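Everything below concerns the one structure shown next.
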Amino acid sequence: MIMLKETLTTKEREEAFELTQNNPDLLFIHAALCSAACGLQSQLFAYPFNLPKYWFLLHTERSAPPLVTVAQDGDSFDKNTFLTALRLFFEKTNILRIEHKLEFLAEAHLMHEIAKYMMHAECHRPSTRCEHHVFFMTADQIDRVQKVC
């Protein structure tokens, strides 16, 4: 059975927080979990169930469109696995049927697949694309930069 894991308990959230803490691939998820700890409404999902490769964090607030943060653990991208995970995420959350506007935060190759998926979705709506570029620094690199400044 193909399953998408939803992280519900505080213990599961803490484990996810620790798992994503030192992993540059999961930096988006870790940062979003920090925000979620401050009281923002969020749901965390991972696929596949036993050894998560793709992570989805859905933030919902009354005053803003829902934000879906998507991340991939590791370098090897499997399009079919990702599309299965994405489909399961949308089925589980029903977010495509509920919301008129969604925002996504993900790496370029994931955004490309999300955009293609959304174009073929039943409830397709035109959208705008806004790119952001981020980078990761280790604690040692941060210390060295701070000493220079």
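Each residue of the sequence shown is one higher than the one before, counting from -6 in the numbering used here.
In this text, a Cβ means the ideal position worked out from N, Cα and C, and glycines have one as well.
Note that the structure is a prediction, hence the values are computed from the model and not measured.
Problem - Assigned exposure category for L44 - 16 Cβ within 10 Å defines buried - result: Under this definition L44 is an exposed residue.
Problem - Contact belief for L50 with R6 at Cβ below 8 Å, rounded distance in angstroms - result: The Cβ separation is near 11 Å, so there is no contact.
Handout entry: Beta-bridge pairing of V61 - partner residues as DSSP gives them
Key = L51, F97
Problem - Nearest-angstrom Cα separation, counted from H23 out to K200 - result: A question about residue 200 goes unanswered here, because the residues of the chain that appear run from -6 up to 142.
Problem - Selection from E106, F42, E84, T62 that minimises the alpha carbon distance to N73 - result: Of the candidates E106, F42, E84, T62, the one whose C-alpha sits nearest the C-alpha of N73 is E106.
Handout entry: Alpha-carbon spacing of H52 relative to K140, whole angstroms
Key = H52 and K140: Cα-Cα distance of roughly 36 Å.
Problem - For T0: DSSP bridge partner residues - result: L37
Handout entry: For T86, three-class secondary structure by DSSP
Key = helix
Practice task
Confirm the yes/no value for this check: CB of A114, any heavy atom of the ligand PLP, distance under 7 Å.
Solution key: As far as ligands go, the structure on display features none, and thus does not contain the ligand PLP.
Practice task
Check each candidate in N16, S35, Q65, F82 and name the one with the smallest Cα separation from K(-2).
Solution key: Looking from the CA of K(-2), the closest CA among N16, S35, Q65, F82 belongs to F82.
Practice task
Look at the alpha carbon of A114 and the alpha carbon of F10, and state the distance between them as a whole number of angstroms.
Solution key: 32 Å
Exercise for the section: Can you tell me which of T2, W48, L60, M(-4) puts its alpha carbon nearest to the alpha carbon of H93? Expected result: L60
Handout entry: Contact under 8 Å by Cβ, L103 with V63
Key = yes
Handout entry: Residues of its chain near F70, where Cβ-Cβ distance is below 7 Å and the 5 sequence neighbours each way are ignored
Key = Excluding positions up to five away in sequence, the list reads H102.
Practice task
Report the rounded CA-to-CA distance for Q134 versus R55, giving the unit in angstroms.
Solution key: 38 Å
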